[in-house]
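Visitor:
Number of protein chains: 2
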Amino acid sequence: METTLPNFLKQRAYLTPDRPALMFQDEIITFAQLYAKAIAVSEQLASLNITEEDTVAVLLKNRPQTVVVLHALQQLRVRTVFLNHRLTPVEMAYQLQDSQSVLLISEDEFSQATEQIHDLDKHISIFTIKELSSLPHHSLEILDEFSLDDVCSIMYTSGTTGKPKGVLQTYGNHWWSAIGSSLNLGIREDDVWLCAVPLFHISGLSILMRSIFYGMPVYLMEKFQEDVAVKLLQSGKITIMSVVTATMQRILHKLQDEKLHPNVRCMLLGGGPAPRPLLEACVEKGIPVFQSYGMTETSSQTVTLAPEDSLTKIGSAGKPLFPAQIRIIHNGKQCKPMEHGEIIVKGPNITIGYLNREDANKESFQDGWFRTGDIGYVDEQGYLYVMDRRSDLIISGGENIYPAEIEEVLISHPDIWEAGVVGMDDETWGKVPVAFIVSNKQIPAHELQQYCEGKLAKYKIPKKVYFVSSLPRNASNKLLRRKLLDLIQS
Amino acid sequence: METTLPNFLKQRAYLTPDRPALMFQDEIITFAQLYAKAIAVSEQLASLNITEEDTVAVLLKNRPQTVVVLHALQQLRVRTVFLNHRLTPVEMAYQLQDSQSVLLISEDEFSQATEQIHDLDKHISIFTIKELSSLPHHSLEILDEFSLDDVCSIMYTSGTTGKPKGVLQTYGNHWWSAIGSSLNLGIREDDVWLCAVPLFHISGLSILMRSIFYGMPVYLMEKFQEDVAVKLLQSGKITIMSVVTATMQRILHKLQDEKLHPNVRCMLLGGGPAPRPLLEACVEKGIPVFQSYGMTETSSQTVTLAPEDSLTKIGSAGKPLFPAQIRIIHNGKQCKPMEHGEIIVKGPNITIGYLNREDANKESFQDGWFRTGDIGYVDEQGYLYVMDRRSDLIISGGENIYPAEIEEVLISHPDIWEAGVVGMDDETWGKVPVAFIVSNKQIPAHELQQYCEGKLAKYKIPKKVYFVSSLPRNASNKLLRRKLLDLIQS
Numbered sequence: 001m002e003t004t005l006p007n008f009l010k011q012r013a014y015l016t017p018d019r020p021a022l023m024f025q026d027e028i029i030t031f032a033q034l035y036a037k038a039i040a041v042s043e044q045l046a047s048l049n050i051t052e053e054d055t056v057a058v059l060l061k062n063r064p065q066t067v068v069v070l071h072a073l074q075q076l077r078v079r080t081v082f083l084n085h086r087l088t089p090v091e092m093a094y095q096l097q098d099s100q101s102v103l104l105i106s107e108d109e110f111s112q113a114t115e116q117i118h119d120l121d122k123h124i125s126i127f128t129i130k131e132l133s134s135l136p137h138h139s140l141e142i143l144d145e146f147s148l149d150d151v152c153s154i155m156y157t158s159g160t161t162g163k164p165k166g167v168l169q170t171y172g173n174h175w176w177s178a179i180g181s182s183l184n185l186g187i188r189e190d191d192v193w194l195c196a197v198p199l200f201h202i203s204g205l206s207i208l209m210r211s212i213f214y215g216m217p218v219y220l221m222e223k224f225q226e227d228v229a230v231k232l233l234q235s236g237k238i239t240i241m242s243v244v245t246a247t248m249q250r251i252l253h254k255l256q257d258e259k260l261h262p263n264v265r266c267m268l269l270g271g272g273p274a275p276r277p278l279l280e281a282c283v284e285k286g287i288p289v290f291q292s293y294g295m296t297e298t299s300s301q302t303v304t305l306a307p308e309d310s311l312t313k314i315g316s317a318g319k320p321l322f323p324a325q326i327r328i329i330h331n332g333k334q335c336k337p338m339e340h341g342e343i344i345v346k347g348p349n350i351t352i353g354y355l356n357r358e359d360a361n362k363e364s365f366q367d368g369w370f371r372t373g374d375i376g377y378v379d380e381q382g383y384l385y386v387m388d389r390r391s392d393l394i395i396s397g398g399e400n401i402y403p404a405e406i407e408e409v410l411i412s413h414p415d416i417w418e419a420g421v422v423g424m425d426d427e428t429w430g431k432v433p434v435a436f437i438v439s440n441k442q443i444p445a446h447e448l449q450q451y452c453e454g455k456l457a458k459y460k461i462p463k464k465v466y467f468v469s470s471l472p473r474n475a476s477n478k479l480l481r482r483k484l485l486d487l488i489q490s
Numbered sequence: 001m002e003t004t005l006p007n008f009l010k011q012r013a014y015l016t017p018d019r020p021a022l023m024f025q026d027e028i029i030t031f032a033q034l035y036a037k038a039i040a041v042s043e044q045l046a047s048l049n050i051t052e053e054d055t056v057a058v059l060l061k062n063r064p065q066t067v068v069v070l071h072a073l074q075q076l077r078v079r080t081v082f083l084n085h086r087l088t089p090v091e092m093a094y095q096l097q098d099s100q101s102v103l104l105i106s107e108d109e110f111s112q113a114t115e116q117i118h119d120l121d122k123h124i125s126i127f128t129i130k131e132l133s134s135l136p137h138h139s140l141e142i143l144d145e146f147s148l149d150d151v152c153s154i155m156y157t158s159g160t161t162g163k164p165k166g167v168l169q170t171y172g173n174h175w176w177s178a179i180g181s182s183l184n185l186g187i188r189e190d191d192v193w194l195c196a197v198p199l200f201h202i203s204g205l206s207i208l209m210r211s212i213f214y215g216m217p218v219y220l221m222e223k224f225q226e227d228v229a230v231k232l233l234q235s236g237k238i239t240i241m242s243v244v245t246a247t248m249q250r251i252l253h254k255l256q257d258e259k260l261h262p263n264v265r266c267m268l269l270g271g272g273p274a275p276r277p278l279l280e281a282c283v284e285k286g287i288p289v290f291q292s293y294g295m296t297e298t299s300s301q302t303v304t305l306a307p308e309d310s311l312t313k314i315g316s317a318g319k320p321l322f323p324a325q326i327r328i329i330h331n332g333k334q335c336k337p338m339e340h341g342e343i344i345v346k347g348p349n350i351t352i353g354y355l356n357r358e359d360a361n362k363e364s365f366q367d368g369w370f371r372t373g374d375i376g377y378v379d380e381q382g383y384l385y386v387m388d389r390r391s392d393l394i395i396s397g398g399e400n401i402y403p404a405e406i407e408e409v410l411i412s413h414p415d416i417w418e419a420g421v422v423g424m425d426d427e428t429w430g431k432v433p434v435a436f437i438v439s440n441k442q443i444p445a446h447e448l449q450q451y452c453e454g455k456l457a458k459y460k461i462p463k464k465v466y467f468v469s470s471l472p473r474n475a476s477n478k479l480l481r482r483k484l485l486d487l488i489q490s
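Those sequence lines, one after another, are chains H and P. In terms of the UniProt record's numbering, the first sequence is residues 1 to 490. In terms of the UniProt record's numbering, the second sequence is residues 1 to 490.
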């Protein structure tokens, strides 16, 4: 049975008009105000003849007006393509063409990129938010309901090979993701979710969606800055924050001997397996860090630690959210507890598929299950442990080596700030692990190798060590291991 | 798109096995234990060849083993018919036949009723819980998933005329009801919901379903007793309780000058419009009473006050839960704010229809909207005010009189404990309002009428006053106005 729900933002503005929806620096916008602003922008978009058949792309920063535009697009029921700021204009133009976007909404800061996009694709209209604001208002019939089956957003993900694929996220995917999270983390009247992750990633967009469903304010940051974040986390204003390993690390460093405000009840940690020393340091400091597992295709977290396990199940990503399921598969068979295999996931939060990619859809979906390409295992109680991206796996002399395991050991060294491990071609072993280190000291390689002995099997000890000023990360601060070797080849 | 979710109880037992699911006197049952018990009973039921095609009825008290049986039936995916204890065997036999139940599960206390049912219907198997427990176990394949479209429960409701109708409640209806409630009331780790309402009513069953979805313990009472309830509400163990006007009234009386424990964050008040003096007395005592509106057909509350409105919007039932909608209709047209009309409701929590009642379904459903038969209005901000059951409306000389309005005034009299008002045939006016009073004093009628003057228009003042020892109520303590006149005719 197709499920329709009341127009999300309209319903929220009706139910709790005066609650704050959005906080940004000193600005506070209520749900009623957010809805009024979104309707105004949707009326201006309607003057461009944008209708529910269309796809519209956005290249926008984490700012209140971006949130307004995103809701305006939902009010028009168009599909929204979220462009990553770090892409080259050529990459952006590809996503615009692949999604058949008719309009790109951007801002002045990106004028260089949009000019190049214009040169590459003469068909697409490009408007800045400022230009939109001077358009006339065309009256619109406001939607009473949203269908959970309709596509809401498209976010491109890059595999290791081939062109990026557009992940289709329905209104239902967002709804179920938010509900699954609420059944694990709960919903409290005083909740405020700090969003310092990009809105063009699912980690950011999912916070906005939860805000509407829960009637909860989002505190928006234009970008992550540890000093501002720590100040907020110590102010008592924030109860939940989404972080990745690198940002959690930076918060920890900044905090030093200080503590977070006790109102902070969850640091939701996603974006890849977290090194154990980091998690232990958090527990020691009384920071309630909840490891989780998810991706664009699962519309954010689909596996997360429960409150009662956050201190005892260190290293695990937890169990599935209530509406979701996980299995570990190897050679087409379900693995026993503790056996490693590919993680496959199922649930109403999982994407309905990739746009225009029959081949990838066939490969990734089977009987309603989605193949993540990640390697992991579940323990006897069903807790998930994520090892690594399958594509990051290093096979050395027939042995499987998970970079995350080696990185974890390296990071536990007191002088190492960040570490990335990748496989390098080797005549004897096929591949061998090599390490990229961020540190304020030049530690001799043999000293580091010695440090790893006893902690790692011999074949896992990095054969070479490179000191670099920073590691390649995506806009969510996720480590991009496949780009590590570029640091020495260039 | 059909939505399936993981087998509810199995998933909960996997996610949080050690959390308490059920508390009853000194007994505590965890989710893992509840699941193991339910599977055991489902294996015993399987030995009776009960399969997912079947309908099974229960005539059971509020006890832990009842909860186990209800979950065992869900594990078998049979439809469960909930028999009200207060029905006559003839009424029960009707519901069994209408639903084509193949089995009735009961207990020794109801042996008199079940013997009569057996005489009326030789086809149905009748087993007590005790008898079930000695059956052999047949192995079963445990369901991985539940479809939200499948029928879970059937509860019969009586209109004022005709035979009772079986309301079909799907797994999805229960799911959406629970989710809607959580998006309004929130979910806290320390929540414990006190269930002193019958499990055979939607008010009770819906608490059990929330327990599974939220991972929240239910404190079960065999029946409502004010002294036990007040003790629990003062112990700090309880955070939420479902009440109706009469039970809230009795709690208030029992409390006298004492207070509830501050952990009690919501007294969820349903089962009909509440008299204002009661609500005001609660607010005065700092009791967080949340008026709500719902019925069997909406799978419990579908409109409820939000936390921030519970103290300021006294008398209103609130706004719809997030997934639901309401409208007020008169003569086929949508009413303006403050205009009275029939309340119609929509949402994925609304029943898919009545069993075997094509006529009633046609009458009650239109374009996905369900006609409640209740009269009410919304104010300028969209808060719902429920006046009365349309069927209880008294039309006197062409004027509409809502019994609840008169009862409210009567109850505000210091010597009146309970009041019920109904229309009595009158040659001049068609109908006139008469009052039934529970009091420890015989107040002269003219004194009461005088008390009403100034508070009520003349045509609303009860023409006659009857003092009775108790008012007719159903098993949820809801006032049955249509049975008031029986008190003087018999």
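Note that beta-carbon positions come from the ideal geometry of N, C-alpha and C, so glycine has one too.
Taking Cβ-Cβ distances below 7 Å as the criterion, which residues of the segment 181 to 198 of chain H are in contact with chain P?
Guide: Under the 7 Å Cβ criterion, the segment 181 to 198 of chain H contributes Ser182, Leu183, Gly186, Ile187, Arg188 and Glu189.
Visitor: Taking Tyr385 (chain P) as the reference, give the member of P:Ser396, P:Asn361, P:Ile326 and P:Glu363 with the closest Cα.
Guide: By one-based count along the second sequence, residue 385 (chain P) stands at place 385. Checking every option, the nearest Cα to that of Tyr385 (chain P) belongs to P:Ile326.
Visitor: Of the residues that make up the segment 304 to 321 of chain P, which ones have a beta carbon closer than 7 Å to any beta carbon in chain H?
Guide: If the cut-off is 7 Å between Cβ atoms, the segment 304 to 321 of chain P has Ala306, Pro307 and Lys319 near chain H.
Visitor: In the structure shown, what three-state DSSP assignment does Ile343 (chain P) receive?
Guide: On the second sequence, position 343 is the one that residue 343 (chain P) refers to. Looking at Ile343 (chain P) - three-state DSSP - the assignment turns out to be strand.
Visitor: So is Pro275 (chain H) in contact with chain P if we call contact Cβ pairs under 7 Å?
Guide: Translated into positions along the first sequence, residue 275 (chain H) becomes position 275. Not closer than 7 Å to any Cβ of chain P, the Cβ of Pro275 (chain H) fails to qualify, so no.
Visitor: CA-CA distance, Thr296 (chain H) and Arg481 (chain H)?
Guide: The residue you call residue 296 (chain H) lines up with position 296 of the first sequence. The residue you call residue 481 (chain H) lines up with position 481 of the first sequence. Between Thr296 (chain H) and Arg481 (chain H), the alpha-carbon positions lie close to 18 Å from each other.
Visitor: Could one say the Cβ of Gly382 (chain H) lies closer than 7 Å to chain P's Cβ atoms, at least one of them?
Guide: Along the first sequence, read from residue 1 onward, the residue named residue 382 (chain H) stands at position 382. Yes - at least one Cβ of chain P is within 7 Å of the one on Gly382 (chain H).
Visitor: In chain P, which residues lie less than 8 Å from Ser323 (chain H) when you measure between Cβ atoms?
Guide: In the first sequence, residue 323 (chain H) corresponds to position 323, counting from 1. In the sequence under discussion, the amino acid at residue 323 (chain H) is Pro, which differs from the Ser named in the question. Leu5 and Pro6, listed in chain order.
Visitor: Select from H:Ser206, H:Ile240 and H:Pro288 the residue whose C-alpha is nearest the C-alpha of Glu308 (chain H).
Guide: By 1-based counting over the first sequence, the position of residue 308 (chain H) is 308. Out of H:Ser206, H:Ile240 and H:Pro288, H:Pro288 has the C-alpha closest to the C-alpha of Glu308 (chain H).
Visitor: So for Ile129 (chain P), helix, strand or coil by DSSP?
Guide: Within the second sequence, the letter at position 129 stands for residue 129 (chain P). Three-state DSSP puts Ile129 (chain P) in a helix.
Visitor: Mind checking if Tyr14 (chain P) is an interface residue toward chain H, Cβ cutoff 7 Å exclusive?
Guide: Translated into positions along the second sequence, residue 14 (chain P) becomes position 14. Output row for Tyr14 (chain P): interface = yes.
Visitor: On the premise that Thr16 (chain H) lies in contact with Ala324 (chain P), defined as a C-beta separation below 8 Å, what is that separation, rounded to the nearest angstrom?
Guide: Translated into positions along the second sequence, residue 324 (chain P) becomes position 324. Translated into positions along the first sequence, residue 16 (chain H) becomes position 16. Going by Cβ atoms, the distance from Ala324 (chain P) to Thr16 (chain H) rounds to 15 Å, so no, they are not a contact pair.
Visitor: So with Cβ pairs under 7 Å, would you call residue 505 (chain P) a contact of chain H?
Guide: The requested residue 505 (chain P) is not part of the displayed model; chain P covers only 1 to 490.
Visitor: Glu2 (chain P) versus chain H: which residues are under 7 Å apart at the beta carbon?
Guide: Numbered from 1 along the second sequence, position 2 holds the residue referred to as residue 2 (chain P). Simply Met1.
Visitor: Give the straight-line distance between the Cα atoms of Ile238 (chain H) and Thr312 (chain H), rounded to the nearest whole angstrom.
Guide: Along the first sequence, read from residue 1 onward, the residue named residue 238 (chain H) stands at position 238. Along the first sequence, read from residue 1 onward, the residue named residue 312 (chain H) stands at position 312. C-alpha separation (whole angstroms): 24 Å.
Visitor: Please determine, among H:Lys478, H:Asp18, H:Glu131 and H:Val167, the residue with the shortest C-alpha to C-alpha distance to Pro217 (chain H).
Guide: Along the first sequence, one-based indexing puts residue 217 (chain H) at 217. Minimum Cα distance to Pro217 (chain H) is reached at H:Asp18.
Visitor: Would you tell me roughly how many angstroms separate the C-alpha atoms of Asn356 (chain P) and Asp98 (chain P), rounded to the nearest one?
Guide: On the second sequence, residue 356 (chain P) is found 356 positions in, with the first residue counted as 1. On the second sequence, residue 98 (chain P) is found 98 positions in, with the first residue counted as 1. Rounded to the nearest angstrom, the two C-alpha atoms are 8 Å apart.
Visitor: Find the residues of chain H that neighbour Ile179 (chain P), judging by a C-beta separation of less than 9 Å, and give them in chain order.
Guide: Taking the first residue of the second sequence as position 1, residue 179 (chain P) is located at position 179. Ile179, Ser182 and Leu183, listed in chain order.
Visitor: Using a cut-off of 7 Å between C-beta atoms, extract the partners of Leu127 (chain P) located in chain H.
Guide: Numbered from its first residue, the second sequence carries residue 127 (chain P) at position 127. The residue asked about is misnamed: residue 127 (chain P) is Phe in this sequence, not Leu. Ordered by position in chain H, no residue passes the 7 Å Cβ test against Phe127 (chain P), which lies about 33 Å from the chain.
Visitor: Listed in chain order, which residues of the segment 210 to 241 of chain P have Cβ atoms closer than 8 Å to some Cβ of chain H?
Guide: Phe213, Tyr214 and Gly215
Visitor: On the CB-based measure, 16 or more other CB atoms within 10 Å of its CB, does Asn62 (chain H) come out buried or exposed?
Guide: As a first step, residue 62 (chain H) is located in the first sequence; it is residue number 62 there, counting from the start. Buried, because 16 or more other Cβ atoms sit within 10 Å of the Cβ of Asn62 (chain H).
Visitor: Is the shortest distance between the beta-carbon of Asp379 (chain H) and the beta-carbons of chain P less than 7 Å?
Guide: One-based indexing of the first sequence puts residue 379 (chain H) at position 379. With 7 Å as the cut-off, Asp379 (chain H) does not count as an interface residue toward chain P.
Visitor: Touch check for the segment 442 to 462 of chain P and the segment 389 to 406 of chain P: three-plus C-beta pairs under 8 Å?
Guide: yes
Visitor: Should residue 491 (chain H) go down as buried or exposed, given a rule of 16 or more other Cβ atoms within 10 Å for buried?
Guide: Since the first and last residues shown for chain H are 1 and 490, residue 491 (chain H) lies out of range.
Visitor: May I ask which residues mark the beginning and end of the alpha helix (DSSP H) holding Asn263 (chain P)?
Guide: Taking the second sequence and counting its residues from 1, the one referred to as residue 263 (chain P) is at position 263. Note, Asn263 (chain P): premise wrong, no alpha helix (DSSP H); not H, not E.
Visitor: Does the beta carbon of Asp150 (chain P) come closer than 7 Å to any beta carbon on chain H?
Guide: The count along the second sequence starts at 1 and reaches residue 150 (chain P) at position 150. No - not a single Cβ of chain H is within 7 Å of the one on Asp150 (chain P).
Visitor: Flag this pair as touching only if the segment 25 to 41 of chain P and the segment 58 to 76 of chain P have three or more C-beta atom pairs under 8 Å; answer yes or no.
Guide: Contact between the segment 25 to 41 of chain P and the segment 58 to 76 of chain P is present, because at least three Cβ pairs lie under 8 Å.
Visitor: Met155 (chain P) bridges to which residues according to DSSP?
Guide: On the second sequence, position 155 is the one that residue 155 (chain P) refers to. The partner list for Met155 (chain P) (beta bridge, DSSP) reads P:Phe82 and P:Val167.
Visitor: At what residues does the alpha helix (DSSP H) containing Tyr377 (chain H) begin and finish?
Guide: On the first sequence, position 377 is the one that residue 377 (chain H) refers to. Tyr377 (chain H) -> not in any alpha helix (DSSP H); beta strand (DSSP E) instead, spanning Trp369 to Val378.
Visitor: For my contact list, Leu233 (chain P) and Cys195 (chain P) are in at a C-beta cut-off of 8 Å; report their separation, rounded to the angstrom.
Guide: Reading the second sequence from its first residue, position 233 is the one you call residue 233 (chain P). Reading the second sequence from its first residue, position 195 is the one you call residue 195 (chain P). Actually they are not in contact, since the Cβ atoms of Leu233 (chain P) and Cys195 (chain P) sit about 13 Å apart, beyond 8 Å.
Visitor: Is the segment 182 to 199 of chain P close to the segment 238 to 250 of chain P, with three or more CB pairs under 8 Å?
Guide: In short, these stretches touch, since the Cβ pair count reaches three.
Visitor: Since Tyr171 (chain H) contacts Leu148 (chain H) with CB under 8 Å, what's their CB separation in whole angstroms?
Guide: As a working mapping, residue 171 (chain H) is identified with position 171 in the first sequence. As a working mapping, residue 148 (chain H) is identified with position 148 in the first sequence. Right, the Cβ-Cβ distance comes to about 5 Å (below 8 Å), so this counts as a contact.
Visitor: Under 8 Å: do the segment 108 to 128 of chain P and the segment 79 to 94 of chain P share three or more Cβ pairs, one atom per stretch?
Guide: A contact exists between the segment 108 to 128 of chain P and the segment 79 to 94 of chain P.
Visitor: Cβ closer than 7 Å: which chain H residues qualify as neighbours of Gln291 (chain P)?
Guide: Translated into the one-based positions of the second sequence, residue 291 (chain P) becomes position 291. Identification of chain H residues near Gln291 (chain P) by a Cβ-Cβ cut-off of 7 Å yields none; the smallest Cβ-Cβ distance measures about 15 Å.
Visitor: Counting pairs of beta carbons, one from the segment 206 to 213 of chain P and one from the segment 253 to 263 of chain P, are three or more of them closer than 8 Å?
Guide: no
Visitor: From Thr351 (chain P) to Tyr156 (chain H), what does the alpha carbon distance come to, in whole angstroms?
Guide: Locating residue 351 (chain P) in the second sequence gives position 351, counting from the first residue. Locating residue 156 (chain H) in the first sequence gives position 156, counting from the first residue. Each residue's alpha carbon lies about 40 Å from the other.
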